[in-house]
Amino acid sequence: MKIEWIEIKQFRSVGEKVIYLEFTYPDGRRNPSVLVGENNAGKSNILSAIQFMFAVIARQGQEEDFDWHLADRGNDIKIKAQIALDDETVNEMIRIFELYIDHSIEQDMMDHLKNELTDKLLVQILIQEDRKSNDRACLKWGPLCFNLSGTTGLDDSWRGLSGYATRDTKEIFQAYFKMVEDPHNKDPRKFEAALKQTLKSQKDFLDIPWLPKRLGELLASHFVTFSKIRNLPKGEHHPKIDSEDGSDLDTVLVNLMMSPDQEDKRRYGEIEHLFNRIFPFFRISLCQDRETQKPQLRISREDGKEFPIQFMGTGTLEVLYFLTKLALAEDKLVLIEDPELHLHPQAQRVVKSFLAERSKRNQIILATHSGIFIDLENLQNNFVVQVRNGMTEVFFIKESLSQTDKIILSSLLDTEKGSIFFSRLAVFVDGKTELGALPILAELKNVDFNRKSIFLFSLEGKKNLEKAIRIANGFNIPWISVCDYDAGMEITDSIESTRVPVLFKQLYNLGKLSPENLNFLEKNQDKIVKKGQREFFSEELFQEMKKILRDNRCFLLSSNFEGILKKEGCKKILQEAKRVVGGSKPRQGKYAARKIVQEKKILAEFSEIFEYIENRY
């Protein structure tokens, strides 16, 4: 069972504009779906909306117990989701509806249900602002619709299905339709009483909450969320774990360790192995309590000292709690917020690998502030959550990506460059020297890259700009590009029969060049000149080419970074940078930029870029 898509409206930071998330696995592999973005953009509210949906359909509380958007009660909360049902879940639903007589027709029944009803379940939640509506949620399975209030039960589709029913259930169906067709039975209480009287039975059947309640409980049983540790482990041994706050953590670990079942032992071994990799100085051990003689879980240190599990720090306990619950999850929808808490980067990578492994048997949706958890191999598994006009919005790559596209786009990213997903503006640069220099040079124009959440992205090759823009556009990340002279002036490509620089070719591929731009390039083909073995548009076209590119958010420089420094009389600074910091381009850029700032030299070409950023972002 998995959520295929969900729509959310008027829930906490989500406003009147519906946000839509689609969870697709085009290559058949389930990897965690990752919500990323700035702080307070609404990532946790999306997880809470999913949790809220399951709480409503499982009827786990009265209306007043649910968490309303406290600051704005004047709107209706609406949540809608489509859930794909696997064979096991369909089988469970068949059992709930008591539809088959024996196992010999079980597969026939399943095939019939899938043909008639599909393997999709639609969940709709509507919480009206007056809180007086009884129909808070409904579940739709093909043509069948169940309101959780019980006011609607079966429809005519069940007439055909009742042939598969057990004797008692078939009588219920027949009596149900007989009563439905009686115009005198409109009051739900009278209807239920009349139904029971007709069947001459004391069984509390179907109509008012039986089917929808059981169905809601079934769906909720496939849902797992991770809360922070609120209570320390009790240090007591109980037969099973049932808390959501970590108080029974020691119980479940003892049960797994002592279980005769080999699968339980394997799971315990997996938990222990991961815990030791994250906290190499600790070991989990089992001993007997001196007073009660009951098994007790303890933690041992490298120096041989032991202490009860409840004496561990809260952060360590949360990690152990997280690993334990995840190891036990099978065919669940798992929601995780901030899996990086209390973990250093290498430990985060250990947990990321564990999540990828567990996602093969579960659907995992996580919200993170760590670039390590972003899925760089499958960009369609990532969702960027942003605030627009004070409300939460979600952006993700909706286009279908071929395997080649995935490889091309993911090859441009690494964990460091994954920080682009948290930025308010991406600045694409040709080389690594600008990477170190631009944030420092911006200080002369009072532009703080950190304060503005600007991320500098080194393309490491002019032909990579198109890929970078596709990523930024797909996730609605604002961007500009700072390009060396030859990227916008050297003839390297063609658009049909028109010869053009690589930058124009890439903008054309992205649909960014206007017919006027193309006409300009075509009519100036006679102004292509040779410089050694290379060809360029004539220098007289530079300003016009620069304007066309700026209109497309690409800033064309009159040279490369080093060439501009030489033009501006900073040749000695550049030579000093190479001598002091060595061959590293980013370090050279930082050193040279710091010296330029100290001398308060204004580099006009870069000042133009910084003013644009200050005015637009």
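Numbering (the working numbering), first residue to last: 1405 to 2021. Note that beta-carbon positions come from the ideal geometry of N, C-alpha and C, so glycine has one too.
Chain-order list of residues whose beta-carbon lies under 8 Å from that of S1962 (same chain, five-residue window excluded): Y1889, F1946, I1968, K1971, E2009
Beta-carbon proximity check, L1960 vs K1950, cutoff 8 Å: yes
Reduced DSSP secondary structure (H/G/I, E/B, other) of L1603: Caution applies to L1603, whose pLDDT of 49 falls short of 50 and renders its modelled position unreliable; the model cannot decide the point.
Member of M1497, E2003, S1815 whose CA lies at the smallest distance from the CA of G1865: S1815
Separation of V1851 from I2018, as counted between CA atoms: What sits at residue 2018 in the sequence shown is Glu, not Ile. In a straight line, the C-alpha of E2018 is about 7 Å away from that of V1851.
Segments assigned alpha helix (DSSP H), at least 4 residues, entirely inside the segment 1847–1886: 1869–1878
Integer-rounded CB distance, given that F1825 should sit under 8 Å from E1741: With a Cβ gap of about 17 Å, E1741 and F1825 do not count as contacting.
Three-way DSSP call (helix, strand, coil) for N1786 in this model: strand
Pairwise C-alpha distance: Q1752 and K1406: 25 Å
DSSP beta-bridge partners of F1381: A query on residue 1381 cannot be resolved here, the shown segment of the chain reaching from 1405 to 2021 and no further.
DSSP bridge partner residues for R1499 (one or two, in chain order): Per DSSP, none; premise fails for R1499.
A1445 (DSSP reduced to helix, strand or coil): coil
Backbone secondary structure at I1932 - three-state DSSP: strand
Bridge partner(s) assigned by DSSP for K2004: Answer by DSSP bridge pairing: none, since K2004 is not bridged.
Candidates R1874, G1835, F1879, L1917: closest to A1891 by CA position: G1835
8 Å Cβ cutoff met for I1703 and L1747: no
Validate contact between the segment 1772–1789 and the segment 1831–1845 using beta carbons, cut 8 Å, 3 pairs: no
Minimum length 4: unbroken alpha helix (DSSP H) runs contained in the segment 1962–2007: 1965–1971, 1975–1985, 1989–2002
For T1772, the three-state DSSP class (helix, strand or coil): coil
DSSP beta-bridge partners of K1530: Reading off the sequence, residue 1530 comes out as Leu, not Lys. Note: L1530 sits in a beta bridge opposite K1482.
Y1424 in three-state terms, based on DSSP: strand
Secondary structure of T1902, DSSP reduced to three states: strand
T1902 versus N1921 - alpha carbon distance: 12 Å
Beta-carbon proximity of A1624 to A1841, cut-off 8 Å: no
Spatially closest choice to I1811 from I1875, L1739, I1844, by CA coordinates: I1875
Contact under 8 Å by Cβ, Q1767 with L1737: yes
Nearest-angstrom Cα separation, counted from F1427 out to C1887: 36 Å
Proximity to L1817 [Cα-Cα], best of G1794, F1861, T1896, Y1429: F1861
Element boundaries [alpha helix (DSSP H), containing P2026]: Outside the modelled stretch of the chain, which goes from 1405 to 2021, sits residue 2026, for which no answer is possible.
Three-state class that DSSP yields for M1795 in the structure shown: strand
Pairwise C-alpha distance: G1822 and L1813: 12 Å
Beta-carbon proximity of R2046 to P1882, cut-off 8 Å: This structure cannot speak to residue 2046, because the chain is shown only from 1405 to 2021.
Identity of the residue in G1719, V2001, S1689 nearest F1711 by Cα: S1689
P1749 beta carbon less than 8 Å from that of L1770: no
8 Å Cβ cutoff met for E1408 and A1488: yes
When I1675, E1676, H1677, L1660 are compared against K1669, the one with the closest alpha-carbon: L1660
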